[in-house]
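Notes for the one structure printed next.
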Amino acid sequence: MVSPDAVKRFKVRVRELTGRNTGRSLEQLIQPLKRYLMGWKSYYGMNEWPSIMRELNGWIRRRLRSVLWKQWKTGSKRYKELRRRDVRKDLAARTVGSSHKQWRISNSPALSIALPNQLFIKLGLPEL
């Protein structure tokens, strides 16, 4: 079983590896994260709590979406990136015009469409 303290330490370490102020590409963010996740997965691999692993997978992807949203910085850049990734005009405009910060926006439908789970898998992000 994964203890709550282990989950807290895991999240702290992932936050360190995916700093929002580093200016690195998504591929560059995933490389050190990949190494850490593989080690964590092998240690807790025979876990009888797959729901915790699913929750942590979702949390990591949300963290990466949040980092990208912050990197896009301006409203026009955010709008262009969302449109380039097949988000409808009205949804992109509503998301860009939102007053919420990046963590809240990272859970929005627009970012789920623009940055689907398959994108992270294709970039090499391992599943827990």
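Start counting the sequence shown at 278; every next residue gets the next number (the numbering used here). Just so you know, even glycine gets a beta-carbon here, dropped at the ideal spot from N, CA and C.
For residue i, does the count of other Cβ atoms within 10 angstroms reach 16, so buried, or fall short, so exposed?
{"i": "V289", "result": "exposed"}
{"i": "E404", "result": "exposed"}
{"i": "E304", "result": "exposed"}
Taking residue i and residue j to be in contact with their CB atoms under 8 Å, please state how far apart those CB atoms are, rounded to whole angstroms.
{"i": "K311", "j": "G401", "result": "6 Å"}
{"i": "Y321", "j": "L294", "result": "Contact doesn't hold; Cβ gap of about 17 Å is too wide."}
Going by DSSP in three states, residue i sits in which element: helix, strand or coil?
{"i": "N298", "result": "coil"}
{"i": "W336", "result": "helix"}
{"i": "V279", "result": "coil"}
{"i": "N384", "result": "coil"}
{"i": "Y321", "result": "coil"}
{"i": "P309", "result": "helix"}
{"i": "G316", "result": "helix"}
According to the Cβ coordinates, are residue i and residue j closer than 8 Å?
{"i": "T372", "j": "L359", "result": "yes"}
Excluding the 5 residues preceding and the 5 following residue i in the sequence, name in chain order all residues of the same chain whose CB lies nearer than 7 Å to its CB.
{"i": "S375", "result": "I382"}
Can you find a C-beta in chain D that's less than 8 Å from the C-beta of residue i?
{"i": "W349", "result": "Of the protein chains in the structure, only one exists, and it is not chain D."}
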